[in-house]
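Undergrad: In the working numbering, the protein residues as written are 158 to 761.
This structure is in structure tokens; I'll ask about it shortly.
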């Protein structure tokens, strides 16, 4: 089995077998492997994940492996570690004459350890749980020379036979009928291995009904334990040869079972994670609305509205803050409409210079202006038969809005520099983060165009009001970009999840996506923390006591009503239903605190 051979000045060489998931090393007496050098700090550890052994140094410490300084290293056979004045040689299979004066292992033991090493090496290439367990039992049968072997795993309060194999590495049918209930029951109760060389003459089991019916000869049954918890049993037997199994066989199989327990525990955990991941992916598919993820009531309301309006040709105005996913909603409307399969054309009205926007929308003919060297179709012609998405429509110049209105109403366009009309069959979707009603009042947006575009309005809620959607979206983006960038980031730390939930996300999903991308690329761990996301304490909202929160709300609300009343304290007090002195005291306190006190006060 894997071991470390320790050599230190003034001390005889010793060998320590690695049989635990985590083996601690240091000079302190509480370590699993005590290093006889008082200058060595505690905190060194060797971690076994079911496949590899990894040496880890404590913070601000390091070790030397094969002549190179390391803080972390995956061990391979014959690696030499130096910690302080101590030298440790790692061996996957212990050398027979490793320690002077130590008795050599028997040939049978060596063969058993070789099988264990081969089995452990095979695990590097096996990912399927069923294949792994079959390989485990084939190795056990080879070690013990049994003619059949069974792997029994605990599932809740019951035991289930997962593998039943014979000497030819074939599956055994009707496995339940070939096991002794009495022997299994004893191992389950005692958590200790049982060896029976001749069951028919054994004082304890000879009278057992299952032993008599099976005519059992030789049996070994050992428990698989993980930190005291029963994972299952390894049961091997031979019905024709008595005295087949001896104490040496039991000892080797017990050692093997210790290693197998770690392997099986990790394999089961990995399998459970795969099952959970599959369930999560299935659940995520249920939560997805096309490319959009969300379960909050505001988003469900948006999804229901999209389902109703998508099959029609009605014009839709999509509103919401920057980064809320307006284009995704527009694409989903198109994808759920009869126009799916036809062009979906997007134009950002705020990203194109004013003098080029008309040409981008309607096209131009050769010679229409300097640089127009060929005829060019516009977005309207490109979207013919499909959908045209006018993003940031509130940025469109007022002069061009007239031509856009005509094109939408008459379904014809005229290229710049041309006089001929071209018919187009398109559906118009528009989006803006501006309040177009205010733009209309200010004379910057045409009211008739607004009502032509805004037949149905879809308002996207900001991320900060979508509750736990922020975590669902974060995990979706994490999985997506981990695959895209081929980075093995497994998830979010609990503190990162809390930080994501608390952040107000002024940039909405676009900001979240940006932070997730950066964290995936720069994270030095497999788990993303709040620092990786840049969500430290100074960017998280301040948490106030309930009393302070009430006081802040009251101050802000009085200021808001004062502003609406142009600073008239008496009217403000009447609107709020309080004594005017309350408003006066508020203003005096604001002035004393250095807070805004420059409202145009009118005491009449």
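In this text, a Cβ means the ideal position worked out from N, Cα and C, and glycines have one as well.
Taking C-alpha atoms, which residue in 690, 612, 455 and 709 lies nearest to residue 587?
TA: The shortest C-alpha separation from residue 587 is found at 612.
Undergrad: Using a 10 Å radius around the Cβ and a threshold of 16 neighbouring Cβ atoms, would you call residue 526 buried or exposed?
TA: Exposed is the call here.
Undergrad: How far does the beta strand (DSSP E) with residue 381 in it reach, from first residue to last?
TA: 375-383 is the span of the beta strand (DSSP E), which, as asked, contains residue 381.
Undergrad: In three-state terms, what does DSSP make of residue 717?
TA: Residue state, collapsed to three classes: helix.
Undergrad: Determine the closest residue to residue 212 out of 247, 187, 412 and 192, with distance taken between C-alpha atoms.
TA: Of the candidates 247, 187, 412 and 192, the one whose C-alpha sits nearest the C-alpha of residue 212 is 247.
Undergrad: Between residue 167 and the rest of its own chain, which residues show a CB-CB distance below 7 Å, the 5 nearest in sequence each way excluded?
TA: Excluding positions up to five away in sequence, the list is empty.
Undergrad: Quick check on DSSP: helix, strand or coil for residue 325?
TA: Reduced to three states, the DSSP call for residue 325 is coil.
Undergrad: Whose C-beta lies closer than 8 Å to the C-beta of residue 745 among residues of the same chain, with five residues either side of it excluded?
TA: Contacts found: none.
Undergrad: Unbroken alpha helix (DSSP H) runs of length 4 or more, entirely within the stretch 431-511: which are they?
TA: Within the stretch 431-511, the complete alpha helix (DSSP H) runs of at least 4 residues are 454-466 and 483-492.
Undergrad: Between residue 192 and residue 173, how many whole angstroms is the CB-CB distance? I'm expecting something under 8 Å.
TA: That pair is no contact at about 10 Å.
Undergrad: Mind the definition here: the stretch 625-637 touches the stretch 590-607 only if three or more C-beta pairs lie below 8 Å; say whether that holds.
TA: Counting Cβ pairs under 8 Å, fewer than three are found: no touch.
Undergrad: On the CB-based measure, 16 or more other CB atoms within 10 Å of its CB, does residue 405 come out buried or exposed?
TA: Per the 10 Å Cβ criterion, exposed.
Undergrad: Identify the continuous beta strand (DSSP E) that holds residue 345 and give its terminal residues.
TA: First-last for residue 345: 338-347, but that is the alpha helix (DSSP H), not the beta strand (DSSP E).
Undergrad: What is the DSSP secondary structure of residue 174, reduced to helix, strand or coil?
TA: DSSP places residue 174 in strand when its eight states are reduced to three.
Undergrad: Under three-state DSSP, which class holds residue 161?
TA: The answer is strand: DSSP assigns residue 161 an E or B state.
Undergrad: Grouping DSSP H, G and I as helix and E and B as strand, with all else coil, what is residue 578?
TA: Note: residue 578 maps to strand in three-state DSSP.
Undergrad: How long is the line joining the alpha carbons of residue 741 and residue 481, rounded to whole angstroms?
TA: Their Cα atoms are separated by approximately 42 Å.
Undergrad: So, for residue 203: in the same chain, excluding its five sequence neighbours on each side, which residues have a beta-carbon less than 6 Å away from its beta-carbon?
TA: So the qualifying residues of the chain are 180, 210 and 212.
Undergrad: Since residue 652 and residue 686 are thought to touch, with beta carbons under 8 Å apart, how far apart are those beta carbons, to the nearest angstrom?
TA: Confirmed, about 6 Å.
Undergrad: Any idea if residue 642 is buried or exposed, counting beta-carbon neighbours within 10 angstroms, 16 or more meaning buried?
TA: That one is exposed.
Undergrad: What residue range does the alpha helix (DSSP H) around residue 643 cover?
TA: Residue 643 -> no alpha helix (DSSP H), and no H or E assigned at all.
Undergrad: Select from 396, 177, 378 and 199 the residue whose C-alpha is nearest the C-alpha of residue 186.
TA: The option with the nearest alpha carbon to residue 186 is 199.
Undergrad: Among 529, 553 and 606, which one has its Cα closest to the Cα of residue 562?
TA: It is 606 whose Cα lies nearest to the Cα of residue 562.
Undergrad: Can the beta-carbon of residue 506 be found less than 8 Å from the beta-carbon of residue 549?
TA: Yes; because the gap between Cβ atoms is below 8 Å, this pair is in contact.
Undergrad: Closest to residue 496 by CA distance: which of 473, 474, 544 and 524 is it?
TA: Nearest of 473, 474, 544 and 524 to residue 496, Cα basis: 544.
Undergrad: Quick one: Cα of residue 338 to Cα of residue 692, how far?
TA: Rounded to whole angstroms, residue 338 to residue 692 spans 58 Å at the Cα level.
Undergrad: Output yes or no for whether 8 Å exceeds the beta carbon distance between residue 537 and residue 570.
TA: It is a contact, given that the beta carbons lie within the stated cut-off.
Undergrad: When you compare each of 639, 223, 292 and 240 to residue 233 by their alpha carbons, which one comes out closest?
TA: Of the listed residues, the one whose Cα sits closest to residue 233 is 223.
Undergrad: Could you tell me whether the stretch 518-525 touches the stretch 613-620, where touching means 3 or more Cβ pairs closer than 8 Å?
TA: Taking 8 Å as the limit for Cβ pairs, the verdict is that the stretch 613-620 does not touch the stretch 518-525.
Undergrad: Buried or exposed: which applies to residue 703, given that a residue is buried once 16 or more other Cβ atoms fall within 10 Å of its Cβ?
TA: It is exposed - the Cβ of residue 703 has fewer than 16 other Cβ atoms within 10 Å.
Undergrad: Taking DSSP as the reference, what is the three-state secondary structure of residue 568?
TA: Three-state result, residue 568: coil.
Undergrad: On a Cα-Cα basis, can you pick out the residue from 381, 333, 547 and 323 that is closest to residue 351?
TA: Of the candidates 381, 333, 547 and 323, the one whose C-alpha sits nearest the C-alpha of residue 351 is 381.
Undergrad: Pull up the distance between the alpha-carbon of residue 294 and that of residue 327, whole angstroms please.
TA: Those two C-alpha atoms are separated by around 11 Å.
Undergrad: From residue 340 to residue 361, what does the alpha carbon distance come to, in whole angstroms?
TA: Going from the Cα of residue 340 to the Cα of residue 361 covers about 10 Å.
Undergrad: Applying the 10 Å Cβ sphere with the 16-neighbour rule, what's the burial state of residue 711?
TA: With fewer than 16 Cβ atoms within 10 Å of its Cβ, residue 711 is classed as exposed.
Undergrad: Answer with buried or exposed for residue 806, where buried requires no fewer than 16 other C-beta atoms within 10 angstroms of its C-beta.
TA: Residue 806 cannot be examined here, being either before or after the span of the chain that is shown, 158 to 761.
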